[in-house]
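According to my numbering, the sequence shown is numbered sequentially starting from 2.
Heads up, the beta-carbon is just placed ideally off N, CA and C, and yes, glycines get one too.
Just so you know, these numbers come straight off a predicted model, no measurement behind them.
Take a look at the structure set out below.
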Amino acid sequence: MANLKVNRDVSYINRDFSQFREQLINFSQTYFPNTYTDFSDTSPGMMFMEQAAYVGDILSFYLDNQFQENFLQYARQSNNIYELAYMFGYKPKVTSTANAVLDVYQEIPAKLSGSVYSPDFSYALTIKENSQFTSPNGGSFISEDFLDFSVSSSLDPTEITISQVLGNNPQYYLLKKSLRITSANIKTTTFQFNNPQQFQTVNISDANIIGILDCTDTDGNTWYEVDHLGQEMVFDSIKNTNINDPNSNKDIPYLLRLKKVQRRFATRFTTPTNLQLQFGAGSPLDTTEEIIPNPNNVGIGLPFTKNKLTTAYSPTNFLFTNTYGISPSNTTLTVRYLTGGGVESNVDANTITTFENKLSNLKFLTSGLTNSTADYVYNSLTLTNPLAASGGGGGDTLEEIRQNTMMMIASQKRSVTQDDYLIRALSMPSNFGSVYKAHIETPKVRDNQVSTVETLNLFVLTQNSNGALDYANSTLKNNLRTYLSQYRVIGDSIEIRDAFIINICIDFEIVVLPEFNNNEVLLTTVNKLKDHFQTSKWQINQPILMKDLFIMLDKCKGVQTVKNITISNKAGTTSGYSAYAYDIEGATSSQVIYPSLDPSIFEVRYPNSDIRGQVVPL
Numbered sequence: 002m003a004n005l006k007v008n009r010d011v012s013y014i015n016r017d018f019s020q021f022r023e024q025l026i027n028f029s030q031t032y033f034p035n036t037y038t039d040f041s042d043t044s045p046g047m048m049f050m051e052q053a054a055y056v057g058d059i060l061s062f063y064l065d066n067q068f069q070e071n072f073l074q075y076a077r078q079s080n081n082i083y084e085l086a087y088m089f090g091y092k093p094k095v096t097s098t099a100n101a102v103l104d105v106y107q108e109i110p111a112k113l114s115g116s117v118y119s120p121d122f123s124y125a126l127t128i129k130e131n132s133q134f135t136s137p138n139g140g141s142f143i144s145e146d147f148l149d150f151s152v153s154s155s156l157d158p159t160e161i162t163i164s165q166v167l168g169n170n171p172q173y174y175l176l177k178k179s180l181r182i183t184s185a186n187i188k189t190t191t192f193q194f195n196n197p198q199q200f201q202t203v204n205i206s207d208a209n210i211i212g213i214l215d216c217t218d219t220d221g222n223t224w225y226e227v228d229h230l231g232q233e234m235v236f237d238s239i240k241n242t243n244i245n246d247p248n249s250n251k252d253i254p255y256l257l258r259l260k261k262v263q264r265r266f267a268t269r270f271t272t273p274t275n276l277q278l279q280f281g282a283g284s285p286l287d288t289t290e291e292i293i294p295n296p297n298n299v300g301i302g303l304p305f306t307k308n309k310l311t312t313a314y315s316p317t318n319f320l321f322t323n324t325y326g327i328s329p330s331n332t333t334l335t336v337r338y339l340t341g342g343g344v345e346s347n348v349d350a351n352t353i354t355t356f357e358n359k360l361s362n363l364k365f366l367t368s369g370l371t372n373s374t375a376d377y378v379y380n381s382l383t384l385t386n387p388l389a390a391s392g393g394g395g396g397d398t399l400e401e402i403r404q405n406t407m408m409m410i411a412s413q414k415r416s417v418t419q420d421d422y423l424i425r426a427l428s429m430p431s432n433f434g435s436v437y438k439a440h441i442e443t444p445k446v447r448d449n450q451v452s453t454v455e456t457l458n459l460f461v462l463t464q465n466s467n468g469a470l471d472y473a474n475s476t477l478k479n480n481l482r483t484y485l486s487q488y489r490v491i492g493d494s495i496e497i498r499d500a501f502i503i504n505i506c507i508d509f510e511i512v513v514l515p516e517f518n519n520n521e522v523l524l525t526t527v528n529k530l531k532d533h534f535q536t537s538k539w540q541i542n543q544p545i546l547m548k549d550l551f552i553m554l555d556k557c558k559g560v561q562t563v564k565n566i567t568i569s570n571k572a573g574t575t576s577g578y579s580a581y582a583y584d585i586e587g588a589t590s591s592q593v594i595y596p597s598l599d600p601s602i603f604e605v606r607y608p609n610s611d612i613r614g615q616v617v618p619l
């Protein structure tokens, strides 16, 4: 008689050790009742069952974990969060740079033309872009633009005043120009390439990497950074001169042009300390990267022509190609990259005064000058930052990467809703500065006022060197305005303003249980308030809920009751606080302290001194 196949019932809902163990026992008792009957904890059979349950539990854990790591909202491993962020188009920041404006001065001799004295601009100095400047605390900054004292325009004016007179005639003039700087150090690394390989990658390992400054090969060719390798077109800025465009407006210092590039690379952070560069798969002789349709081979369905009537073309990527740029081969790439930023780069005003590598970056326009005068002019150069550098901060936390990425998915690189503009402001590339807090709203429309333009007010704040809230300087605002212009809808008009900072002081009284030490309980409650009022946890226009404060302190171990909590305003720039006073009592209703009608944020600027507690008797 042939053996009959036995269909055994297997449960697939068991997921942990105890469930696996129980199911193995039940399975054995059901299908092998006479084979093994000793299910005591010390029996050999139970040892094998528990080992099997142990293995099953581990496999189940790792299966659940791997499945979880495929979803951005649930992923916990940093490398997976970075990979998912890039997949959805968000580039995490590992650091944010501070920005400032330098006031640069030089003296220049006077020259006599007829009976009129005027500055002799043959002694005008120039400062190369990417020149380095430092502050006494070690903060390093580089210039963003080329500075030329002989050129003056509405966008880049040169202020001229008389600095020295001889008799009644001017002897020297003082020239003043402004120069934008950002906190960064320039570092250099090289990579050797031999035979070409498709989609080669190289890695730069360093702390606080801001981004790539430039990349050149052995033959002097420039390699361009793009958002993705399918992007053939880049925006290229060139100096605005008569040669480039004789009819152009000279108030515009640079001209923006579209440029097709085969030599290109994309970057991504695989970890906070590792920046990966990836190159294309083609060769310099590859002709498959067509940019703009040629009228000779693009027609309307005629014989031997290409029909492109239904093809959509993008200004930044006209056609996707099979090569995605060329692969470097038999060459050495020299990559200059930037590091720095952080909260410590938010240095105080009038501290950036040192010009590093002055001899190589500070030059005269002309030659054949009088040596003594040239030496005097050269040594007359001075510089300082009239306003504090701001915008420096830390990089994105894992949770910030997660939330910013999900917002990026919703916006799809378009700014349509107010939330779209917020995420764009907060995701501005770090080398342009960092917006710490942002709020956007539509201004109130007056009666009988009709407008076809949607005006939005974007209120922003940054951090100073101590991590306290600060107002964004003009450089950061200009950078932000330029950045948002790439994504705004044509009908939208954006005004960037300062949010108001309301500094507060907290006084409270508690009753401590008899068996607890007063000082220890008081320290616990103070630290609880410090944590609650961390600026990272507060947003613009967020009210203070007094009821929550009472409950929070009442739950602290050792607190019998909270008798009183008083919040008062601290104002006055001489004391280090915001200049804006605020009526806390008038803004309180039903145990809720509301911010101003104008966008504002509450801040405990000095937690060590502005959070004060007292133990009182019952």
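DSSP places residue 532 inside the alpha helix (DSSP H), whose first and last residues are 519-533. In this structure, the alpha-carbon of residue 95 lies about 17 Å from that of residue 468. When the beta-carbon positions are compared, residue 351 and residue 392 stay at least 9 Å from each other.
Assignment of beta-bridge partners to residue 603 by DSSP yields 503. Per DSSP, residue 437 lies in no alpha helix (DSSP H) and is assigned neither H nor E.
Residue 403 counts as buried, since at least 16 other C-beta atoms from the protein chains shown sit within 10 angstroms of its C-beta.
In the three-state DSSP reduction, residue 220 falls in the coil class, being neither helix nor strand. DSSP places residue 9 outside both helix and strand once states are collapsed to three, so it counts as coil.
Secondary structure note for residue 339: its beta strand (DSSP E) is the uninterrupted segment 332-340.
Taking all protein chains shown into account, residue 67 has fewer than 16 neighbouring C-beta atoms within 10 Å of its C-beta and is therefore exposed. For the 9 Å CB-CB criterion, residue 137 and residue 354 form a contact. Counting every other CB atom within 10 Å of its CB across the protein chains shown gives residue 92 a total of 16 or more, marking it as buried. For residue 541, no pairing in a beta bridge is given by DSSP. DSSP, read as helix, strand or coil, puts residue 564 in strand. Counting other Cβ atoms within 10 Å of its Cβ, residue 473 reaches 16 or more and is therefore classed as buried. In its chain, beyond the 5 residues on either side, 207, 337, 338, 339 and 340 have a beta carbon closer than 8 Å to the beta carbon of residue 188. Between the alpha carbons of residue 546 and residue 71 lies a distance of about 38 Å.
Between the alpha carbons of residue 162 and residue 147 lies a gap of roughly 22 Å. Counting only runs of 4 or more residues that sit fully inside the region 20-71, the alpha helix (DSSP H) segments are 45-69, in chain order. Linking residue 281 to residue 334 through their CA atoms gives a straight-line distance of about 14 Å.
Separation of residue 143 and residue 203 (C-alpha to C-alpha, rounded to the nearest whole angstrom) is 26 Å.
Note: residue 171 is bridge-paired with 166 in the DSSP secondary-structure output. In this model, residue 459 and residue 600 are separated by some 10 Å (Cα to Cα). Per DSSP, residue 616 is not a residue of any alpha helix (DSSP H); the beta strand (DSSP E) it occupies stretches across 612-616.
For residue 275, same chain residues with a beta-carbon under 6 Å away, outside a window of 5 residues either side, are 204 and 206 in chain order. For residue 84, the uninterrupted alpha helix (DSSP H) run begins and ends at 79-88, by DSSP. Cβ-Cβ distances below 7 Å link residue 588 to 594 and 595 in the same chain, with the five nearest sequence neighbours on each side left out; the list follows chain order. Per DSSP, residue 275 is not a residue of any alpha helix (DSSP H); the beta strand (DSSP E) it occupies stretches across 275-280. Just measuring C-alpha positions, the residue of 484, 496, 543 and 471 sitting nearest residue 577 is 471. With respect to residue 509, residue 613 sits close: the two C-beta atoms are nearer than 9 Å.
Under the three-state reduction of DSSP output, residue 401 falls in the helix class. Below 8 Å, enough C-beta pairs join the region 498-515 and the region 553-568 to call them touching: three or more.
Residue 130 sits in coil when the DSSP states are folded into three classes, being neither helix nor strand.
Short of 6 Å from the beta carbon of residue 571, and not among the five residues preceding or following it, lie these beta carbons of its own chain, in chain order: 504, 506 and 578.
Put simply, of 514, 263, 548 and 51 the residue whose alpha carbon is nearest the alpha carbon of residue 284 is 263. In the structure shown, residue 608 falls within a helical segment according to DSSP collapsed to helix, strand and coil.
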